[in-house]
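Notes for the one structure printed next.
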Amino acid sequence: MQRFLKKLNMEVNKILVMPDVVDKLSAVGIDAKGSSAEELAALIKADSQKYARVIKQAGIKLD
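In terms of my numbering, the sequence shown opens at residue 18 and continues consecutively.
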């Protein structure tokens, strides 16, 4: 499974730098950047921590 995910990630990263893909994504306001699974996990962790603080400070509650 890990080999499959690495291969998939590699192929998606190749696609994300193709000029026609970049143009189409840019046209709808998306600035996509490829990364590794580890980089994505680190980004999600950092964002979760950041937004958890914001939610706590703002007193946001689920209904």
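Heads up, the beta-carbon is just placed ideally off N, CA and C, and yes, glycines get one too.
Treat the numbers as computed from the prediction; the structure is a model and nothing was measured.
Between the C-alpha atoms of Met-18 and Ser-53, what's the straight-line distance to the nearest angstrom?
In a straight line, the C-alpha of Met-18 is about 15 Å away from that of Ser-53.
Assuming Leu-42 contacts Ala-49 (C-beta within less than 8 Å), just tell me the rounded distance between them.
Rounded, the Cβ-Cβ distance is 5 Å, consistent with contact.
Measure the alpha-carbon distance for Arg-20 versus Glu-28 and round it to whole angstroms.
Straight-line Cα distance between these residues: approximately 12 Å.
Tell me the rounded alpha-carbon separation between Ala-59 and Ser-65.
Whole-angstrom Cα-Cα distance: 10 Å.
Does Met-35 come out as helix, strand or coil in the three-state DSSP assignment?
Coil at Met-35, not helix or strand.
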